[in-house]
Amino acid sequence: MNAGRRDGQTDANRALKPRRNALRLLFLQVPRADADVSDPGENVMLAAACLEAALARSVESRQWTVVTAGDAQDRLSDGGLLEHLTVCAPDCIAATCYLWNVERTLHLLRLLKRRLPRLRVALGGPEAARDHPLLFARRSPADVIAVGEGEAVFPRILGLFRAGVDPDVEGVACRAPPDGSGSVRWRWGTQPRPQLPLADVLPAADAPVNRPDVHGMAYLETSRGCPLRCAFCCYNLRRSGWSAISPEAVYARVQILRRRGACEIRLVDPTFNAHPQFDAVVDALARANPGRQIAFFIEIRADTLTDAQAAALAAAGVAEAEVGVQSTDPAVLRIIRRGAHTTRTLRGIGLLRKHGIRPTVDFMYALPGQGRDDIVRSLAWLERFPGAHPQFLPLLLLPGTELRDRAAELGLVAQRLPPYRVVATNELRACDLRAVELEAARRLGGFDSPTRRFAGRALPDLFADRQVMIADHADAAIRPPPAVSSRQALILRGGTLFEQRERLARIIRDAVRAEPHILWQFVLEPRQEEPLDLLDRLVAELRSIPSHWLDRLVAPPGRRILAARRLFVRPARGARLSMEWLTACDDLLASASH
126 MNAGRRDGQT DANRALKPRR NALRLLFLQV PRADADVSDP GENVMLAAAC LEAALARSVE
186 SRQWTVVTAG DAQDRLSDGG LLEHLTVCAP DCIAATCYLW NVERTLHLLR LLKRRLPRLR
246 VALGGPEAAR DHPLLFARRS PADVIAVGEG EAVFPRILGL FRAGVDPDVE GVACRAPPDG
306 SGSVRWRWGT QPRPQLPLAD VLPAADAPVN RPDVHGMAYL ETSRGCPLRC AFCCYNLRRS
366 GWSAISPEAV YARVQILRRR GACEIRLVDP TFNAHPQFDA VVDALARANP GRQIAFFIEI
426 RADTLTDAQA AALAAAGVAE AEVGVQSTDP AVLRIIRRGA HTTRTLRGIG LLRKHGIRPT
486 VDFMYALPGQ GRDDIVRSLA WLERFPGAHP QFLPLLLLPG TELRDRAAEL GLVAQRLPPY
546 RVVATNELRA CDLRAVELEA ARRLGGFDSP TRRFAGRALP DLFADRQVMI ADHADAAIRP
606 PPAVSSRQAL ILRGGTLFEQ RERLARIIRD AVRAEPHILW QFVLEPRQEE PLDLLDRLVA
666 ELRSIPSHWL DRLVAPPGRR ILAARRLFVR PARGARLSME WLTACDDLLA SASH
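In this text, residue positions in the sequence shown follow the working numbering: the first is 126, and each later residue adds one.
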């Protein structure tokens with residue numbers, strides 16, 4: 126069956142209704158952890174929407190009914206979300222894994238399977254790859270792992286769970302029955318994977334999922350496929366060929382999003398100006414966006430951009446275009462399979478600026494073959510574009526990529542766990558890469574969202590969900606209260622906190638061990654000025670706990686930064702503490718967290 130009439134498809138809502146005793150299917154996508162309280166974050170389930178549409182168009186849809194976790198997956202702690210999912214009682218969970226959520230997703234599903242032993246789990250998403258260090262591990266909760274686009278195979282996977290019919294499709298791994306050896310065995314499919322046209326994959330244009338969020342932001346996909354074969358990217362390793370929706374389908378989808386209140390649309394095409402009907406699609410955007418009420422955000426190749434195309438993009442309402450340059454060294458670009466067209470790329474960025482489109486310019490460091498001179502040139506490049514958004518990012522050895530496969534050959538050393546940052550190369554040691562990051566921060570500014578204040582009467586970056594615990598409680602065995610939110614603040618009060626430092630350390634340790642994948646803030650409320658050794662002790666305790674993926678993302682090689690679990694000091698009500706002491710506390714805690 127096809128999907129939605131407005132873009133040439135049959136409406137997915139016409140799919141067969143589930144039978145009365147249908148099995149329960151739940152889509153799960155836990156959000157990216159973000160400590161920035163000024164940004165509510167986003168967790169748009171694009172993959173789930175496409176998978177649900179694919180199911181609706183298949184005869185398998187009669188056997189399943191979709192249940193939802195609602196906003197519980199976005200706001201609850203693991204304990205709270207576990208309770209919520211237990212009540213939902215799904216027969217199957219299809220989870221989308223990204224590098225920022227894969228550890229938490231696996232942890233949560235392991236716990237849930239203990240409560241729901243009949244639960245079947247299908248994992249997929251950008252993180253799914255044959256060489257993944259976690260997905261295929263012995264403790265993995267997965268029953269099926271799908272590598273690559275899932276729409277064509279998802280109904281078959283559900284058929285396996287329901288009736289035991291092996292999907293036998295290339296890129297789909299099914300957990301094999303145990304053989305008594307204690308090891309986990311996987312059975313990979315062998316038959317070619319069907320390639321569906323994008324028009325038969327997307328939810329119908331007028332489907333409820335196609336609407337902006339509360340801030341007016343929406344997403345739009347016009348094509349799948351990329352002409353580039355970058356060695357650091359896994360996009361083309363998981364699909365072959367090209368597919369796109371027509372310009373008129375693009376027009377219809379933008380019209381619907383505009384009527385539903387969209388003021389910003391992000392096109393998720395990996396290379397927007399590689400669309401086979403690029404000029405006609407840009408014209409469709411312009412026709413659907415009279416008065417440029419909508420701002421579009423795109424990713425393009427600047428080296429092929431013409432002046433007329435840049436002008437047309439601006440007229441259509443494109444506000445920002447991301448351009449991947451990566452390196453100025455032709456030898457490095459050849460290793461990572463990028464075209465060495467820096468002069469043409471520079472010209473294309475200039476055309477964007479000429480027509481009022483803000484460029485986001487991406488460079489990478491810790492690339493194979495990259496020396497200090499190339500990094501200096503890259504930084505100089507980024508400084509040439511005042512008003513542009515510079516991104517100077519470390520190389521990540523993502524599972525499934527060519528660079529990960531060739532890491533030993535190329536002399537790349539990376540983190541074992543997400544986000545797989547390269548921490549040393551043949552050309553640059555860990556200390557060299559730390560120096561590079563310091564230099565980039567000095568010249569371009571920091572790229573994270575640093576906490577504005579760690580000590581003071583007003584702490585603008587405290588999480589909204591807060592619990593209070595009295596640290597000098599007479600019961601030495603007292604445990605911290607269970608976290609309720611994925612961004613949890615725990616306020617610790619007491620008499621002489623320094624004398625309670627070991628108890629405080631244990632409270633912090635117990636809290637993180639109980640909820641290792643959420644973001645924590647531990648707020649000390651002293652009644653008098655305490656020795657700074659108190660903070661040193663608690664920082665040391667936090668550093669002794671296994672790191673969070675966010676810590677590994679922001680920490681320079683060889684350094685431990687506390688990004689996901691942070692300490693704060695806020696004077697107790699009525700306490701008179703000097704500004705000098707609070708400043709010393711702030712400096713100490715900032716140095717541990719930035």
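We put the beta carbon where it would ideally sit given N, CA and C, even for glycine. A quick note: this is a predicted structure, and the numbers were derived from the prediction, not measured.
So, is Thr470 buried or exposed, given that buried needs 16 or more other C-beta atoms within 10 angstroms? Taking the first residue of the sequence shown as position 1, residue 470 is located at position 345. Buried, by the Cβ-count rule.
Proximity winner among Ala172, Thr453, Thr550 and Pro544, relative to Val538 (alpha-carbon distances): Mapped onto the sequence shown, residue 538 falls at position 413. Checking every option, the nearest Cα to that of Val538 belongs to Thr550.
Could you give the distance in angstroms between the alpha-carbon of Asp557 and the alpha-carbon of Gly449? As a working note, residue 557 is residue 432 in the sequence shown. As a working note, residue 449 is residue 324 in the sequence shown. If you take the alpha carbons of Asp557 and Gly449, they lie about 24 Å apart.
Using a Cβ-Cβ cutoff of less than 8 Å, which residues in the same chain neighbour Leu382 once the five nearest sequence positions on both sides are dropped? Translated into positions along the sequence shown, residue 382 becomes position 257. So the list reads Asn335, Arg336, Pro337, Ala343, Leu345, Ile390 and Ile419, once near-sequence residues are dropped.
Start-end ranges of the alpha helix (DSSP H) lying completely within the segment 279-306, minimum 4 residues: Under the rule that a run must span 4 or more residues, the alpha helix (DSSP H) segments found entirely inside the segment 279-306 read 279-288.
Excluding the 5 residues flanking Ala411 on each side, which residues of the same chain have their C-beta closer than 8 Å to its C-beta? Sequence index remark: in the sequence shown, residue 411 carries index 286 (1-based). The answer, listed in chain order, is Ala437, Ala440, Ala441 and Gly442.
Asn226: buried (16+ other C-beta within 10 angstroms of its C-beta) or exposed? Residue 226 sits at position 101 when you count from the first residue of the sequence shown. Burial call: buried.
Out of Cys358, Phe421 and Gly496, state which residue places its alpha-carbon closest to the alpha-carbon of Leu522. Numbered from its first residue, the sequence shown carries residue 522 at position 397. Nearest C-alpha to Leu522: Cys358.
Helix, strand or coil for Pro258? Go by DSSP, reduced to three states. Position 133 of the sequence shown, counted from the start, is the residue given in the question as residue 258. In the structure shown, Pro258 sits in coil (DSSP, three-state: anything other than H, G, I, E or B).
Could you please give the first and the last residue of the uninterrupted beta strand (DSSP E) stretch that includes Gly249? As a position in the sequence shown, residue 249 is number 124, starting the count at 1. Looking at the DSSP string, the run of the beta strand (DSSP E) that includes Gly249 is Arg245 to Gly249.
Might you give, ordered along the chain, the residues of its own chain that have their beta carbon closer than 8 Å to the beta carbon of Arg677, omitting 5 neighbours on each side? Position 552 of the sequence shown, counting from 1, holds the residue named residue 677. Once the five neighbours on either side are set aside, the close Cβ partners of Arg677 are Gln540, Leu542, Pro543, Pro544 and Arg546.
Whose CA, out of Leu244, Leu207 and Ser202, lies closest to the CA of Asp216? As a first step, residue 216 is located in the sequence shown; it is residue number 91 there, counting from the start. Nearest of Leu244, Leu207 and Ser202 to Asp216, Cα basis: Leu244.
Runs of 4 residues minimum, wholly inside the segment 465-498: which ones carry the alpha helix (DSSP H) assignment? 467-479
Taking the C-alpha atoms as reference points, what is the distance between Cys299 and Val406? Locating residue 299 in the sequence shown gives position 174, where the first residue counts as 1. Locating residue 406 in the sequence shown gives position 281, where the first residue counts as 1. Answer to the nearest angstrom: the Cα atoms are 40 Å apart.
Give a yes or no on contact between the segment 529-537 and the segment 498-506, applying the rule of three or more CB pairs nearer than 8 Å. no
Out of curiosity, what's the CA-to-CA distance linking His642 and Pro401? Position 517 of the sequence shown, counted from the first residue, corresponds to residue 642. Position 276 of the sequence shown, counted from the first residue, corresponds to residue 401. Cα to Cα, the separation comes out at about 42 Å.
Taking Cβ to Cβ, would you say Gln495 is nearer than 8 Å to Val548? Mapped onto the sequence shown, residue 495 falls at position 370. Mapped onto the sequence shown, residue 548 falls at position 423. No.
Based on the DSSP secondary-structure assignment, which residues constitute the bridge partners of Arg612? Counted from its first residue, the sequence shown places residue 612 at position 487. Note: Arg612 sits in a beta bridge opposite Leu644.
Applying the 10 Å Cβ sphere with the 16-neighbour rule, what's the burial state of Asp203? By one-based count along the sequence shown, residue 203 stands at place 78. Its Cβ being crowded by 16 or more others within 10 Å, Asp203 is buried.
Is the separation between the beta-carbon of Ala555 and that of Gly475 shorter than 8 Å? For the purposes of this step, residue 555 is taken as the residue at position 430 of the sequence shown. For the purposes of this step, residue 475 is taken as the residue at position 350 of the sequence shown. Their beta carbons are not under 8 Å apart, which means Ala555 does not touch Gly475 by this criterion.
Do you know how far the Cα of Asp161 is from the Cα of Trp706? In the sequence shown, the residue the question calls residue 706 occupies position 581. In the sequence shown, the residue the question calls residue 161 occupies position 36. Distance from the CA atom of Trp706 to the CA atom of Asp161, rounded to whole angstroms, is 26 Å.
From this set, Gly341, Ala174 and Met704, which residue's C-alpha is nearest Val192's C-alpha? Residue 192 sits at position 67 when you count from the first residue of the sequence shown. Cα-wise, what sits closest to Val192 is Ala174.
Among Glu534, Ile633 and Ala377, the one whose alpha carbon lies nearest that of Ala409: Locating residue 409 in the sequence shown gives position 284, where the first residue counts as 1. That would be Ala377, whose Cα lies nearest to the Cα of Ala409.
Residue from His673, Phe647, Ser610 and Asp454 with nearest C-alpha to Gly205: Counting from 1 along the sequence shown, the entry for residue 205 is found at position 80. Nearest option by C-alpha distance: Ser610.
Count the other C-beta atoms from every protein chain shown that fall within 10 angstroms of the C-beta of Asn146, then say buried if there are 16 or more, exposed otherwise. Here residue 146 refers to the residue found at position 21 when the sequence shown is read from its first residue. Exposed, because fewer than 16 other Cβ atoms sit within 10 Å of the Cβ of Asn146.
Rounded separation between Ala158 and Arg463 - CA only: As a position in the sequence shown, residue 158 is number 33, starting the count at 1. As a position in the sequence shown, residue 463 is number 338, starting the count at 1. One C-alpha to the other measures close to 31 Å.
Helix, strand or coil for Met342, going by three-state DSSP, please let me know. One-based indexing of the sequence shown puts residue 342 at position 217. In this structure, Met342 counts as strand in the three-state DSSP scheme.
Residue from Leu615, Ala387, Phe510 and Leu353 whose Cα sits closest to the Cα of Gly341: Walking along the sequence shown from the start, residue 341 turns up at place 216. Looking at the Cα atoms, Ala387 is the closest of the given residues.
In angstroms, rounded to a whole number, what distance separates the CA positions of Pro395 and Gly350? Here residue 395 corresponds to residue number 270 of the sequence shown, with the count starting at 1. Here residue 350 corresponds to residue number 225 of the sequence shown, with the count starting at 1. Cα-Cα distance, rounded: 7 Å.
Helix, strand or coil: how does DSSP classify Ile595 here? By 1-based counting over the sequence shown, the position of residue 595 is 470. Strand, per DSSP.
With DSSP as the reference, identify every bridge partner of Ala369, one or two as the case may be. Looking up residue 369 in the sequence shown gives position 244. In DSSP, Ala369 forms a bridge with Ser348.
Drop a sphere of 10 angstroms on the beta-carbon of Ser718, count the other beta-carbons inside from all chains shown, and report buried for 16 or more, exposed for fewer. Counting from one through the sequence shown, the residue named residue 718 turns up at place 593. Counting Cβ neighbours within 10 Å, Ser718 comes out buried, since at least 16 surround it.
Would DSSP call Trp706 helix, strand or coil? Counting from 1 along the sequence shown, the entry for residue 706 is found at position 581. Helix at Trp706.
Pairwise C-alpha distance: Arg691 and Gly273: Taking the first residue of the sequence shown as position 1, residue 273 is located at position 148. Taking the first residue of the sequence shown as position 1, residue 691 is located at position 566. C-alpha separation (whole angstroms): 37 Å.
If I follow the unbroken alpha helix (DSSP H) through Gly205, where does it start and stop? Start at 1 with the first residue of the sequence shown, and residue 205 comes out as number 80. Start and end: Asp203 to Cys213.
Look up Thr190 in the DSSP assignment and say whether it is helix, strand or coil. The residue labelled residue 190 in the question sits at position 65 within the sequence shown. Residue state, collapsed to three classes: strand.
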